[in-house]
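A.B. asks: Numbered per full-length UniProt numbering, the sequence shown spans residues 1 to 55.
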Amino acid sequence: MFTGYSVAAYFAPSIASNIAVANNGSFSIAFYIAIILALAGLLLNFLYGKISQKA
1 MFTGYSVAAY FAPSIASNIA VANNGSFSIA FYIAIILALA GLLLNFLYGK
51 ISQKA
């Protein structure tokens, strides 16, 4: 789990700044991508919980 946080903390700022440079300084696309990834993680968490309860 902490490896994922470390990788994200290392790569996310450079990726977000590259997205902002490509969009004339706007970070809105980077935030939308972050929101989508957070929702995907939430969905996977709920699915894992449902699968774990069945076992």
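For glycine and all other residues, C-beta sits at the position ideal for the given N, C-alpha and C.
Look at the Cβ atom of A20, then the Cβ atom of F27, and state whether they are nearer than 8 Å.
C.D. replies: Numbered from its first residue, the sequence shown carries residue 20 at position 20. Numbered from its first residue, the sequence shown carries residue 27 at position 27. Yes, Cβ-Cβ distance for A20 and F27 is below 8 Å.
A.B. asks: Quick one: grab the DSSP three-state call for A55.
C.D. replies: Here residue 55 is taken as the residue at index 55 of the sequence shown, counted from 1. Residue state, collapsed to three classes: coil.
A.B. asks: Tell me the DSSP secondary structure of residue 59 in three-state form.
C.D. replies: Within the shown structure, residues of the chain are numbered from 1 to 55, placing residue 59 beyond reach of any answer.
A.B. asks: Suppose the cutoff is 7 Å on Cβ atoms and the five residues either side in sequence are ignored; what does the same chain contact list for A16 look like?
C.D. replies: Translated into positions along the sequence shown, residue 16 becomes position 16. So the qualifying residues of the chain are F27 and A30.
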